Structure formats: structure tokens, C-alpha cells
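Chains as they are written, first to last, in the numbering used here: chain A, 51 to 642; chain B, 551 to 840.
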């Protein structure tokens, strides 16, 4: 065997350090040169003993989503982990506490839930932690040691990351925690090994570029910084908050300004105000915040002011499910404003896409003088992937404004002059002699209020038509087809984070001999009619998997193209199961 | 001395206005307000202030919300942003954050500022954004034809309070003083010379300056904030009023029956720009340490 594909699930109660252990694990294996995809599930409460799961898939080849079945489950809290015992594949293993403290009622211990064919590793985690560190709190590090020893990962990157993580608390804490890890490692290497799990040592390949591990939100931040974002205004909301938190550290270091506003209305208002002066400006929110921003987004459309809004969706409506993922804000992103409020909406499908979409959003926003919504979701925002960054520098244009023409003597500057491409040269405050008023009222070319039929028709057309050029925006993937070419039985059309699951399902279907292909639609407004129509022409059946109840993307497709599609809409609060997509592909292909 | 006490000849007055240079700051659009509206005096006041202070027209932005008052940017020859109901202050904050060099003036009515946009005032004042906020108080919603506003007098009959406004009006000066606004003043559109002086001072102040301008709506309010009533009631702040004393300012602001015009309170403290600079300096320090 020359390739590795291991998925590890760490499960515990809030406060056990489950997510922290997952964080160390993914960083360590990324440092070892593996490709990594991770996604954490945690409760909306900070304490309160809710369930935390950190899943890490470690591979040698590029993969696109987590697997449904894990190879290794680690229980830091049996009451939470027991329901997940079935998640471990046959011949996979479960690591659990072999010496629980106190009375253990029948059925409450992991050992009684391990299925035939699963391999039990009962390890005295608490005892090891207490012996090595004098306390039980470092059980999570002991367990990391067991994993590393068992699977044959080098302990060096683990120890380095532990050192870095605890450096601020002094050398005594560092060495205690390192001792905890080491005690687990010693147990792991001396335990019988799992067969059919292969860890092929990786060598880093510097020629391919720098490999970094980023979450979707971190990639957005990287994109913003590389596109030289000037100002950011935001209001905390899960799962978008970490974008603002990361920018709050990164921006001042580059002399840039970030302001936490009093609500989402003022966040978008200030973003538009800053955009009006010519600065690159952005805000980030989730569905409930997008609802509050709807009115001001209409103003940005009407006044033709560049601004970028990152929207990370969560379960809705209303407060909904703040820590669960969903793709149900598509309609709000596309249409959520009064009037014909045309705008650009793009949705990356993976972490690398988050980086590119973030940077490109600024280009498009300036070039077409319009708000751009970048639609993420909790799954994409919070999942970690290894991303290869090219060394040739950021691939973004830093000033995409249409240059201002010199005014003739006595000529009035026309902010909304009609042009061939519908984009008017933009003057900003400070441009000499170009004083004008921008307004949310319908206006003539000078920006003066005007509600005549001719003006409203011509201006509505201008605001609509100028966006169509975005479908051919340079160096931007609007749609992409992957899989079999030519005529196919099943075509999968998907958007956003679900596309990764679609690819996994498609490759499994390929292995079964089913002819199928997938297309991701990254630009959702304006809609790439031509590319999607071409793809649908090739398909006997079109499957549209998405994580929302009403099939919002399928509705969009059917509304624009008036063609039948097969919907696969689910709201599990978690990513779409790959098996579900696969079984739909099989059904549509006539293979049962 | 009022205009009535000396002869004024139109030709001479026009000549004087032309020579003053302040017409440079007036746009070619004619104001859409009713004849007699107090807002004319405010346009005059702002153009005067810009002219006196030598503000370059392309370095100033007037931001407005929605309402009669918010058409203001169209009537001055500065950069203008006519935004949405109540969003004057956050938009102005964004503009000032992105470009410190601009002189940013927010204008809006009492409904715009204290009803739909009421949540923003506290935060603009707290952050001490270096902008000037001119609040036009006519105690009525004029553009939608005469509904009650948060500053309508108790007992006022309007189209939405046909039997009498049962609610007590807000006390805006008390609010601004307790929010920590660093410059709080009041003026009256019926006293244009004083108004002009107050606008100039408000713009000159470094920090968030709030100027409350009492201004009659001659069309929809015939009984409450009229020129006749206000001219009888408005008084000047006492000569010995201490503008650095917050408690004294609050005491003066309590008198809603006889509103006093003048500068209530002024404080010098770091502006939002200063705090940004401070954060940037701190972050650089951390970078060196790490």
C-alpha cells in the first residue's frame, strides 16, 4: 500500500479539550506532510457538558470531504461517544478509558458498545495522565500520544506544537504536558498495531509551493489581507466571528483599521461609507445579520458603491441553529433587498476557494461598482484543509477602479454617466472639482433625484447589465466541470461546501462504473446560464444536492432554465452524507 | 439688530453675498422646502461656516438620512451622500474611518436621528468620531406629511395622533450629554447669525460635535414649535455658564420649556482616529516582542 487515508474522530464533553486535541493533531500531521481535512462539531454553549467532536481525515492524495466512517474513534467521554461507536468501520478501532472513576452503571461504559469487528483499545488514560502530569486534565494529550504511537507518526511535531501552545504558561507547564503526551506515546508504540491502516511517511515538496493549513475563515482573512483590505466593520455572530477576530489582530499590524460596530446595520452602513471614499472595505456576518443588512445592500446597489460582505450561513430561520451548518441563506443573499437589487453573489466550495473568492470579491466589487456577497457556511468556515499557496505572490489586482477622465472646463462631473459597459468612472471625495451627491433615490446621470420612466428604465438596465461582465471576470472560476466528459448518465450540480461531498460520491460512483460528472457553480448571481445549460445538455438526469429544506438552488436553476432537476435537499445540521448522494446517483443511473 | 431695524436694499445685499464667496458652496439645485422653512437658515449657516473656515469644497462630505432635512446635500456644493432612514452616523463613521482628511458633516431630522436611527447616536458619541452632527428639530415628520416624531410635544395633534400626542418628547441634549458627546450645543433657525456661529464652532471642534437646531415646520405644525412660540421661549445660556461642567450643562438641558441656545458642554479627548492610531501602535509593539 502506498497511500494513506485515515480518519480519526475525537469525541468528548465541552471542557475535555477535545477540540484542542484535534487542533494539535491536524497541525502535527500537516507538518508531517499529509493532506488534511478537518471539521469540528461543538455545542452553542461555552460550558454545560455539550458534545464536542473533532474529525480529522489524513491522506496522501487530495480529498474533498470527510468520510462517513472513521477508522479511529477516541472517547474522552463515554456518554457522548457511545452513540458514535457505529461510526467506526469494521476493523477500525475505538480508544477509551479502561479505568473509569467511581460507579459505572450497566451500559454506560464504552466497552459494552463496541461492535464485533471493531478493535477495542482500553487504555487507562486518566491514570497515565495523573502519573505523568499530576492531574487528569491532560488526558487529551495522553490520547494524542497513543494515536501517534499507534499509527507510527513521528512525535517531534506534536511535541513542538505542545511547546508552542503552552509556552506562555512557562517551561514547567510545557514539560508537564509534553510528559503527558510521551506517556501516551510509549503506550501506543508498544500496543499491537491496527492492520489495514497505512501511514506512508511524507516528504515535503518545496517546488509545489508552500503548504499551509487553514480554516475557511482563516483563508478568507488571508485573501482579505493579500487584497490589501483597508477597513473592516463587523458585529460578532457565529460562525463568521473568527473572520473579524483574526482581522482584529492582522489589520492593525499593517496599519489598517477595524471597528466593532453596534449592530449589523451600522456594520454594513460603515462598510458602504468607507467604500464610498474609495477604500477597500468589508464586513462579515451570518444569516440573521444579513437580514439586518438587506436595506443598506439595496443602497449600495442603487448608489453603485463597492463593498464586500462575507456571509457564513448557519441553520435557520431566526436564531435557528447557530453552531450547525446549512445552505439556506441563498435566497436572502440573492434577493434580500427591496426593489430590483442586482448584486454579485459568489460561493466558494473549499478552503482554497475561500482565499480566492475573498480576494476576487474586492476586484469585482470595484470593477463593477456593486456589492459582492461571498457566501460561506459553517462547515466551510470552520473546516481545516491543507492548502498549497503559490510563491508568486497574491493573485489579486489591487486597484480595479475605472480611471477618471479629466473634466473639460465648465463641465459637470457625471457620476452615473451611461457608458458602453454600464460602469461609470467613479470620483471619490477629495477628487478636485468632482463634487456630487450619491443617493438611494432613483437619479439621473448627475446623481440628482429623478423618477421619470425613461431614467428608471435606463438606470435599472445599467445596474443589471454591467454585472454580466463578471461572468467572464479574469482568473476567476465561475463554473467548473469535473468527472467524465461527453454524454453522461448522471450530472451533479452543486454549490458551496456540499460540492466536496459530491466529488467524493462521484469518485465512488466512477469506481462502480457509473458514468457521471459534477459541476460546481461558484457564481450564483449573475447566473452562468450558458455554462450550466451546456452541462445539463450532456446529462440524462441532473441531481442537485444541497443542505436546505426547500431546494433553493434547485429553484433558482428551474426558475432561470425551466428544466427538470432531481432535488436532494436535507437539513441534518451537518454536511450532506456522501452515501446519500451516492445512493441517489445509483438510483438515477438505474443501478441498484 | 434685526433686519427690520435698518433699510436693506436687495441690490446691495446680493452684491454683498456674491462678494463674500459663500455662493461657491451653494449648488444649482433649488431647495425643495416650503417657503418659510427653518432649514433655509441652516443651508445659509453651513455655507457661511465653510466659507469662513476656508474648507475646500472637494474635501468635505455631507451625509444625510431620509426626510425633509436629508435633502440638504443636494443644495450645497460639497460631496454628498443621501443614505437611508437613520443611517447618517454609521455611514459618516465609515467615511471618517477610511479618510481622516475629510470634513464630515452629518445632517438629519429628529425622526431620523432619534427614532429609526436612535441606536447609533450613543455609539458615535462614545467613540468620539470626529464629525459634526446637525440635528434639525422640527418635532414632526414633514416629508411624509405630518406624523408625530419622538420630539413632538405632548398634546400635539398630528395625522397619526389625531386626538393628541399622548407621549412625552425625548430630551435630546440630556441624552447626548450622558452619552459622552464631546461638544453639545443648541441653536435656533430663527436666529441665523447665532446659528452660523454655532455651526462654525461645531465643525471646528475636534471630536463628535452635536448641534441641536430648533427649526419650525411651517406646514405641519401650526401650534407647537412655531416661530412665534420659539421666539418667545428661546433664551441664551447664562453668560457665566461653564462649558467644561457636565452637571451644569445637564441642569440647563433640563429646561425644555425655555430652551437655551449656545454651547452647553465641550470636552477634549482622543477621537476615534486617535484610538485607531493607538491600536496600530500597540500591535506594532506586540510584533516586536514576539
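All C-beta atoms in this analysis are idealised placements derived from N, C-alpha and C, irrespective of residue type, glycine included. On a predicted model such as this, the values are computed, not experimentally measured, just so you know.
(message) Taking the alpha helix (DSSP H) that residue 560 of chain A belongs to, which residues open and close that run?
(response) In the first chain, residue 560 of chain A corresponds to position 510, counting from 1. Its alpha helix (DSSP H) spans residues 548-561.
(message) Between residue 285 of chain A and chain B, is the shortest Cβ-Cβ distance under 8 angstroms, so that the two count as touching?
(response) Translated into the one-based positions of the first chain, residue 285 of chain A becomes position 235. Cβ-Cβ to chain B under 8 angstroms: no for residue 285 of chain A.
(message) At the level of alpha carbons, what is the spacing between residue 219 of chain A and residue 301 of chain A?
(response) By 1-based counting over the first chain, the position of residue 219 of chain A is 169. By 1-based counting over the first chain, the position of residue 301 of chain A is 251. One C-alpha to the other measures close to 27 angstroms.
(message) Helix, strand or coil for residue 837 of chain B? Go by DSSP, reduced to three states.
(response) The residue given as residue 837 of chain B occupies position 287 in the second chain. Note that residue 837 of chain B scores a pLDDT of 49, beneath 50, so its modelled location is shaky and nothing firm can be said.
(request) May I ask you to report which of helix, strand or coil DSSP gives residue 742 of chain B? (result) As a position in the second chain, residue 742 of chain B is number 192, starting the count at 1. DSSP places residue 742 of chain B in helix when its eight states are reduced to three.
(request) Have a look at residue 359 of chain A and residue 303 of chain A and give me their C-alpha separation to the nearest angstrom. (result) Your numbering for residue 359 of chain A matches position 309 in the first chain. Your numbering for residue 303 of chain A matches position 253 in the first chain. Roughly 22 angstroms between the two C-alpha positions.
(message) Between the alpha carbons of residue 837 of chain B and residue 831 of chain B, how many angstroms are there, rounded?
(response) For the purposes of this step, residue 837 of chain B is taken as the residue at position 287 of the second chain. For the purposes of this step, residue 831 of chain B is taken as the residue at position 281 of the second chain. Annotation note: pLDDT 49 at residue 837 of chain B (below 50); position unreliable, coordinate value reported separately. Each residue's Cα considered, the two are about 10 angstroms apart.
(message) Does the CB of residue 838 of chain B have a neighbour CB from chain A at under 8 angstroms?
(response) To locate residue 838 of chain B, count along the second chain from 1; it is residue 288. At residue 838 of chain B, the pLDDT of 45 sits below 50, so the modelled position is not reliable and the matter cannot be decided from this model.
(request) Measure the alpha-carbon distance for residue 514 of chain A versus residue 555 of chain A and round it to whole angstroms. (result) If you number the first chain from 1, residue 514 of chain A lands on position 464. If you number the first chain from 1, residue 555 of chain A lands on position 505. Between residue 514 of chain A and residue 555 of chain A, the C-alpha separation is close to 37 angstroms.
(request) Assign residue 558 of chain B to one of three DSSP states: helix, strand, or coil. (result) By 1-based counting over the second chain, the position of residue 558 of chain B is 8. Three-state DSSP puts residue 558 of chain B in coil, outside helix and strand.
(message) Under 8 angstroms, Cβ to Cβ, is there at least one residue of chain A near residue 826 of chain B?
(response) Along the second chain, read from residue 1 onward, the residue named residue 826 of chain B stands at position 276. Residue 826 of chain B counts as touching chain A.
(request) Take every Cβ of the segment 585-604 of chain B, pair it with every Cβ of the segment 619-626 of chain B, and state whether three or more of those distances are shorter than 8 angstroms. (result) yes
(request) Compare the Cα-Cα distances from residue 296 of chain A to each of A:274, A:642, A:312 and A:315 and report the closest residue. (result) As a first step, residue 296 of chain A is located in the first chain; it is residue number 246 there, counting from the start. The residue with the shortest Cα to Cα distance from residue 296 of chain A is A:274.
(request) Kindly indicate which residue of A:133, A:442 and A:325 has the alpha-carbon position closest to the one of residue 357 of chain A. (result) What you label residue 357 of chain A is simply residue 307 of the first chain in a count that begins at 1. Of the candidates A:133, A:442 and A:325, the one whose C-alpha sits nearest the C-alpha of residue 357 of chain A is A:325.
(request) Compute the Euclidean distance between the alpha carbons of residue 54 of chain A and residue 122 of chain A, then round it to the nearest angstrom. (result) Indexing the first chain from 1 puts residue 54 of chain A at position 4. Indexing the first chain from 1 puts residue 122 of chain A at position 72. If I take the Cα positions, the gap works out to 14 angstroms.
(request) Tell me whether residue 525 of chain A is buried or exposed, calling it buried when 16 or more other Cβ atoms sit within 10 Å of its Cβ. (result) Against the first chain, residue 525 of chain A aligns to sequence position 475. So residue 525 of chain A ends up on the exposed side.
(message) What would DSSP say about residue 140 of chain A, mapped onto helix, strand or coil?
(response) As a working mapping, residue 140 of chain A is identified with position 90 in the first chain. Note: residue 140 of chain A maps to strand in three-state DSSP.
(request) Check each candidate in A:70, A:186 and A:368 and name the one with the smallest Cα separation from residue 147 of chain A. (result) Looking up residue 147 of chain A in the first chain gives position 97. It is A:186.
(request) Report the rounded CA-to-CA distance for residue 372 of chain A versus residue 363 of chain A, giving the unit in angstroms. (result) The residue you call residue 372 of chain A lines up with position 322 of the first chain. The residue you call residue 363 of chain A lines up with position 313 of the first chain. Straight-line Cα distance between these residues: approximately 9 angstroms.
(message) Just to confirm before moving on: does the CB-CB distance between residue 119 of chain A and residue 137 of chain A stay below 8 angstroms?
(response) On the first chain, residue 119 of chain A is found 69 positions in, with the first residue counted as 1. On the first chain, residue 137 of chain A is found 87 positions in, with the first residue counted as 1. Taking 8 angstroms as the Cβ cut-off, residue 119 of chain A and residue 137 of chain A qualify as a contacting pair.
(request) Inspect the beta-carbon positions of residue 702 of chain B and residue 689 of chain B and report whether they are closer than 8 angstroms. (result) Within the second chain, residue 702 of chain B is the residue found at index 152, counting from 1. Within the second chain, residue 689 of chain B is the residue found at index 139, counting from 1. Yes, the pair counts as a contact, with Cβ atoms nearer than the cut-off.
(message) I'd like to confirm the pairing. Which residues does DSSP put opposite residue 57 of chain A in its beta bridges?
(response) Working through the first chain from its first residue, we reach residue 57 of chain A at position 7. Note: residue 57 of chain A sits in a beta bridge opposite A:107.
(request) Please go through the same chain and pick out, in chain order, the residues whose beta-carbon is closer than 7 angstroms to the beta-carbon of residue 293 of chain A, but skip the five residues on each side of it. (result) Numbered from its first residue, the first chain carries residue 293 of chain A at position 243. Closer than 7 angstroms at the Cβ level, and outside the excluded window around residue 293 of chain A, lie 267, 270, 271, 334 and 360.
(message) Any C-beta of chain A within less than 9 angstroms: which residues of the segment 589-611 of chain B qualify?
(response) 606, 607, 608, 609, 610 and 611
(request) Starting from the N-terminal side, write out each stretch of the alpha helix (DSSP H) that is 4 residues or longer and does not extend beyond the segment 333-369 of chain A. (result) 337-353
(message) I need the DSSP call for residue 617 of chain A, collapsed to helix, strand or coil.
(response) Your numbering for residue 617 of chain A matches position 567 in the first chain. In this structure, residue 617 of chain A counts as strand in the three-state DSSP scheme.
(message) Quick check on residue 685 of chain B - is its C-beta less than 8 angstroms from some C-beta in chain A?
(response) Within the second chain, residue 685 of chain B is the residue found at index 135, counting from 1. Cβ-Cβ to chain A under 8 angstroms: no for residue 685 of chain B.
(request) Taking all protein chains shown into account, decide if residue 685 of chain A is buried (16 or more other Cβ within 10 angstroms of its Cβ) or exposed. (result) With chain A covering 51 to 642 only, the question about residue 685 of chain A has no answer from this structure.
(request) Starting from residue 755 of chain B, find everything on chain A with Cβ-Cβ shorter than 7 angstroms and list it in chain order. (result) On the second chain, residue 755 of chain B is found 205 positions in, with the first residue counted as 1. In chain order: nothing, as chain A lies at least about 21 angstroms away.
(request) Would you decide whether residue 599 of chain A is buried or exposed? Buried here means 16 or more other CB atoms lie within 10 Å of its CB. (result) For the purposes of this step, residue 599 of chain A is identified with residue 549 of the first chain, where counting begins at 1. It is exposed - the Cβ of residue 599 of chain A has fewer than 16 other Cβ atoms within 10 Å.
(message) Distance check for residue 475 of chain A and residue 671 of chain B, CA to CA, integer angstroms please.
(response) By one-based count along the second chain, residue 671 of chain B stands at place 121. By one-based count along the first chain, residue 475 of chain A stands at place 425. If I take the Cα positions, the gap works out to 34 angstroms.
(message) Taking 8 angstroms as the limit between beta carbons, can you name the residues of its chain near residue 727 of chain B, skipping five residues before and five after?
(response) For this step, residue 727 of chain B is matched to residue 177 along the second chain. 734, 796, 799, 800, 803, 814 and 815.
(request) Take every Cβ of the segment 710-717 of chain B, pair it with every Cβ of the segment 754-767 of chain B, and state whether three or more of those distances are shorter than 8 angstroms. (result) no
(request) Could you tell me if residue 782 of chain B is buried or exposed, where buried requires 16 or more neighbouring beta carbons within 10 angstroms of its beta carbon? (result) Here the question's residue 782 of chain B lines up with position 232 in the second chain. Answer is exposed; the Cβ neighbour count stays below 16.
(request) Output yes if chain B places a C-beta closer than 8 angstroms to the C-beta of residue 84 of chain A; else output no. (result) Taking the first chain and counting its residues from 1, one reaches residue 84 of chain A at position 34. Output row for residue 84 of chain A: interface = no.
(message) Give me the chain A residues within the contact set of residue 710 of chain B, using Cβ-Cβ distance strictly less than 8 angstroms, ordered along the chain.
(response) To locate residue 710 of chain B, count along the second chain from 1; it is residue 160. The contacting residues do not exist; residue 710 of chain B stays about 22 angstroms from chain A at best.
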